[in-house]
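Residue numbers (the numbering used here): 1 to 419.
See structure below.
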């Protein structure tokens, strides 16, 4: 089967999507990826074909200036943040993404189109051609849904009458906020004779399937549309992760610290506080800063600070993980049965922290916490047997979901349903 995968360089979403591509290739499918030029090396390394966006906006370099959203500039203004994400990626350039997808299909030919959940214009392109297509969403279920906590606020399900009212009202308000991008999306649809939508999220409803690359055991309960399903987390490390490392010497418990693969405001301060906190303990640690943050010297051989290391090898050998809370790092830690402390910096990280705490599988700590407070948190994390047991129970379910083959089953069924 010939598959076109339309995506963008979304930082933490990339390793999971590359894992999807590897699964599809291993199953014997031919995969062509259309995406940002910064993804070319990873795509070719995986064994797929690659073509860059031509009309649509894209990340042109891996440095700070190359970032498409630069969301850290407006992170403290939710309205401006929503508008920027919509204008620069989700809906503003919808017509450009649609035309690039149509050109790729006409040039290469394909049987199925998979589209990263953030680029709705690519879905318009697939729909306009009448091709079977699916949304691929990396992370917890993000669609505003009455009865569940609103995405992006780091909230647990509401308790009591006021909490339940919040979970009914706020998602409805958030849905209207997303509709700021509706005119641009409908303009792209009109260019190909597609009917107008009354809400941005209806573009997901028109896809054959919406595949959530996360764990229902991890996520909060939610009523899903009929075309939507969880297919389990994809746990691949990034392609740029270096070769295996030697662990710090000694017999003390090992903690892995995993920071963001994307530029995030405050990450350097968090890195420094975490290292200082670890120095206040007797723990061994491997601190991975990610490609956007410089490693620094810790001053001791029991704490290694590296740009990257293979989490798939480190997590099973660690007693616990400390992280900013990106979905990839959190799910890999939990799937390994490891408890976690989450210190959110932004994006979906607070939401992931809320789910870790709700499951009893870890702790949440403010990114502004002092080194002394972090050290106290670490001592509790590595010694509390209840947290350890909850993490192992959740990890067992998540491992089963990751190995279920549900993703490939869904893609195969998608093609057969249209044959």
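Glycine residues also receive a C-beta, built at the ideal position from the N, C-alpha and C atoms.
Model, not experiment: these values are computed from the prediction.
Distance, residue j Cα to residue i Cα
i           : j           : result
residue 362 : residue 217 : 15 Å
residue 384 : residue 164 : 31 Å
residue 293 : residue 417 : 46 Å
residue 175 : residue 109 : 35 Å
residue 171 : residue 214 : 21 Å
residue 71  : residue 84  : 8 Å
residue 78  : residue 51  : 34 Å
residue 307 : residue 245 : 12 Å
residue 6   : residue 350 : 28 Å
residue 415 : residue 343 : 41 Å
residue 195 : residue 378 : 54 Å
residue 202 : residue 117 : 12 Å
residue 279 : residue 144 : 42 Å
residue 68  : residue 89  : 8 Å
residue 1   : residue 313 : 33 Å
residue 198 : residue 93  : 19 Å
residue 387 : residue 315 : 16 Å
residue 382 : residue 390 : 13 Å
residue 219 : residue 210 : 16 Å
residue 190 : residue 4   : 23 Å
residue 229 : residue 410 : 9 Å
residue 24  : residue 354 : 32 Å
residue 367 : residue 270 : 7 Å
residue 21  : residue 160 : 44 Å
residue 46  : residue 373 : 42 Å
residue 296 : residue 248 : 16 Å
residue 96  : residue 148 : 33 Å
Residue i - DSSP class collapsed to helix/strand/coil
i           : result
residue 132 : coil
residue 13  : helix
residue 126 : helix
residue 92  : coil
residue 362 : strand
residue 340 : strand
residue 51  : strand
residue 239 : coil
residue 401 : helix
residue 35  : strand
residue 5   : strand
residue 58  : coil
residue 287 : strand
residue 269 : helix
residue 351 : helix
residue 200 : coil
residue 141 : coil
residue 251 : coil
residue 258 : strand
residue 303 : strand
residue 194 : coil
Residue from the options whose Cα sits closest to the Cα of residue i
i           : options            : result
residue 207 : 137, 234, 281, 310 : 137
residue 235 : 38, 335, 107, 4    : 335
residue 120 : 101, 150, 110, 107 : 101
residue 380 : 350, 320, 401, 186 : 320
residue 141 : 103, 352, 89, 324  : 352
residue 64  : 11, 389, 80        : 11
residue 323 : 296, 297, 365, 312 : 365
residue 114 : 395, 30, 182, 190  : 30
residue 192 : 124, 97, 180       : 124
residue 375 : 209, 249, 272, 180 : 272
residue 326 : 372, 258, 318, 373 : 258
residue 48  : 34, 59, 58, 55     : 34
residue 104 : 56, 205, 160       : 56
residue 369 : 230, 395, 274, 290 : 274
residue 182 : 247, 403, 86, 25   : 86
residue 36  : 44, 45, 8, 24      : 8
residue 75  : 348, 371, 359      : 348
residue 59  : 91, 32, 73, 38     : 38
Neighbour-count burial assignment, residue i, 16 or more Cβ in a 10 Å radius
i           : result
residue 28  : exposed
residue 150 : buried
residue 168 : exposed
residue 405 : exposed
residue 187 : exposed
residue 305 : buried
residue 80  : exposed
residue 223 : exposed
residue 19  : buried
residue 346 : buried
residue 226 : exposed
residue 99  : buried
Minimum Cβ-Cβ distance from residue i to chain B less than 8 Å
i           : result
residue 346 : Reference to chain B is not applicable here, since this structure consists of a single protein chain.
Kindly confirm or deny that the stretch 130–138 and the stretch 147–155 touch, where touching means at least three C-beta pairs closer than 8 Å.
Pairwise C-beta distances place the stretch 130–138 out of contact with the stretch 147–155, as fewer than three of them are shorter than 8 Å.
Are at least three pairs of beta-carbons, each pair with one atom in the stretch 249–261 and one in the stretch 281–288, less than 8 Å apart?
These segments touch.
Whether or not the stretch 295–307 and the stretch 386–402 are in contact is what I'm after, with contact meaning three or more pairs of Cβ atoms, one per stretch, closer than 8 Å; do they touch?
These segments do not touch.
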